[in-house]
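Q: In the working numbering, the protein residues as written are 1 to 233. Glycine included, C-beta positions come from ideal geometry on N, C-alpha and C. Note that this is a predicted model, so its numbers are computed, not measured.
Following this line, the structure appears as structure tokens:
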């Protein structure tokens, strides 16, 4: 993989490579179930306007993401084509050369960087806290370890519902915005949750989902470390 990363760094923004990557992305990655046209999001996560490391993009494109809908393209695409796809995805957002953890934001003490990264890895894909993370579920700023632990074991039927579509497909979801004709929902069947914009005509019904639980990743998280970050002043 290192060889591929070095190759890409030596050929960044080659117009022919980007054109090839755009074509491959349109054929294999932008379909309705995946990342959408120009990475704008469909059932798969949005890619446009996001920040990634090159190493991460190469690894995910080649090997996929276990226990998710993201396949690996190694063996199905040549190394040159994987390179082209990665370069195209990189052009949709921002790519950093540092594969290390995110730095602490301005004004945050350096000794909380580790705790902040644990929060982002374990909770931040669904929850916001102290200005970082994704606000799908409740805001967690100020929560204690006991409060976080209680939230992990509690059922959330009032927040998490099972959405049934007209096609017969169903999945656990949280509602987003609703403008009457279109409804935004977060699909919780994959991690991170995927934001979908659906015409109201596609929604058959919402059902209670009393058995929904947080994923194992959250239960295995270092809660004391995360709580220290969330409760810091």
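Less than 8 Å separating the beta-carbons of residue 127 and residue 162?
A: Walking along the chain shown from the start, residue 127 turns up at place 127. Walking along the chain shown from the start, residue 162 turns up at place 162. Contact flag unset, no.
Q: Going by C-alpha distance, which of 168, 160, 215, 78 is nearest residue 125?
A: As a first step, residue 125 is located in the chain shown; it is residue number 125 there, counting from the start. Per the Cα distances, 215.
Q: Between which two residues does the beta strand (DSSP E) holding residue 184 run?
A: By 1-based counting over the chain shown, the position of residue 184 is 184. 182-187 is the span of the beta strand (DSSP E), which, as asked, contains residue 184.
Q: Look at residue 17 and residue 87 and say whether their C-beta atoms are less than 8 Å apart.
A: Locating residue 17 in the chain shown gives position 17, counting from the first residue. Locating residue 87 in the chain shown gives position 87, counting from the first residue. Yes, the Cβ-Cβ distance between residue 17 and residue 87 is below 8 Å.
Q: Taking only the alpha-carbon atoms, compute the straight-line gap between residue 141 and residue 129 and give it to the nearest angstrom.
A: Taking the first residue of the chain shown as 1, we reach residue 141 at position 141. Taking the first residue of the chain shown as 1, we reach residue 129 at position 129. In a straight line, the C-alpha of residue 141 is about 5 Å away from that of residue 129.
Q: Which first and last residues belong to the beta strand (DSSP E) in which residue 164 is found?
A: Residue 164 sits at position 164 when you count from the first residue of the chain shown. First-last of the beta strand (DSSP E) with residue 164: 161-165.
Q: Grab me the residues of residue 193's own chain with a C-beta within less than 8 Å of its C-beta, minus the 5 sequence neighbours each way, in chain order.
A: Translated into positions along the chain shown, residue 193 becomes position 193. The answer, listed in chain order, is 125, 126, 134, 136, 174, 186, 187.
Q: Thinking C-beta only, is residue 223 closer than 8 Å to residue 145?
A: Residue mapping note: residue 145 aligns to position 145 of the chain shown, counting from 1. Residue mapping note: residue 223 aligns to position 223 of the chain shown, counting from 1. Cβ distance < 8 Å, so residue 145 and residue 223 count as in contact.
Q: Relative to the C-alpha of residue 153, which candidate in 179, 118, 213 has its C-alpha closest?
A: As a position in the chain shown, residue 153 is number 153, starting the count at 1. Nearest of 179, 118, 213 to residue 153, Cα basis: 213.
Q: In whole angstroms, what is the alpha-carbon distance linking residue 190 and residue 217?
A: Along the chain shown, read from residue 1 onward, the residue named residue 190 stands at position 190. Along the chain shown, read from residue 1 onward, the residue named residue 217 stands at position 217. When rounded, the distance between both Cα atoms is 12 Å.
Q: In the DSSP assignment, find the unbroken alpha helix (DSSP H) run with residue 15 in it and report its ends.
A: Residue numbering aside, residue 15 sits at position 15 when the chain shown is read from its first letter. First-last of the alpha helix (DSSP H) with residue 15: 15-28.
Q: Rounded to whole angstroms, what is the Cα-Cα separation between residue 10 and residue 198?
A: Within the chain shown, numbered from 1, the residue matching residue 10 stands at position 10. Within the chain shown, numbered from 1, the residue matching residue 198 stands at position 198. Any reading at residue 10 must be qualified, since the residue scores a pLDDT of 44, below 50, and its modelled position is unreliable; the value itself is stated next. So the alpha carbons of these two residues sit roughly 41 Å apart.
Q: Excluding the 5 residues preceding and the 5 following residue 207 in the sequence, name in chain order all residues of the same chain whose CB lies nearer than 6 Å to its CB.
A: Here residue 207 refers to the residue found at position 207 when the chain shown is read from its first residue. Contacts found: 162.
Q: 8 Å is my cut-off, CB to CB: does residue 73 come that close to chain D?
A: Although the question refers to chain D, the structure presented lacks it and comprises just one protein chain.
Q: Could you tell me the distance, in whole angstroms, from the CA atom of residue 116 to the CA atom of residue 91?
A: If you number the chain shown from 1, residue 116 lands on position 116. If you number the chain shown from 1, residue 91 lands on position 91. Each residue's Cα considered, the two are about 28 Å apart.
Q: Output the distance between the C-alpha atoms of residue 14 and residue 84, rounded to the nearest integer angstrom.
A: Start at 1 with the first residue of the chain shown, and residue 14 comes out as number 14. Start at 1 with the first residue of the chain shown, and residue 84 comes out as number 84. Their backbone Cα atoms lie some 9 Å apart in a straight line.
Q: What's the gap between the Cα of residue 165 and the Cα of residue 184?
A: Here residue 165 corresponds to residue number 165 of the chain shown, with the count starting at 1. Here residue 184 corresponds to residue number 184 of the chain shown, with the count starting at 1. Computed Cα separation, rounded: 13 Å.
Q: Over what stretch of residues does the alpha helix (DSSP H) that includes residue 116 continue unbroken?
A: Position 116 of the chain shown holds residue 116. Note, residue 116: alpha helix (DSSP H), 113-122.
Q: Measure the alpha-carbon distance for residue 73 versus residue 19 and round it to whole angstroms.
A: Stepping through the chain shown from its first residue, residue 73 is reached at position 73. Stepping through the chain shown from its first residue, residue 19 is reached at position 19. The alpha-carbon atoms of residue 73 and residue 19 are separated by roughly 19 Å.
Q: Looking only at its chain, what residues have a beta carbon closer than 8 Å to the beta carbon of residue 169, apart from the 5 residues adjacent to it on each side?
A: One-based indexing of the chain shown puts residue 169 at position 169. Nothing meets the Cβ criterion.
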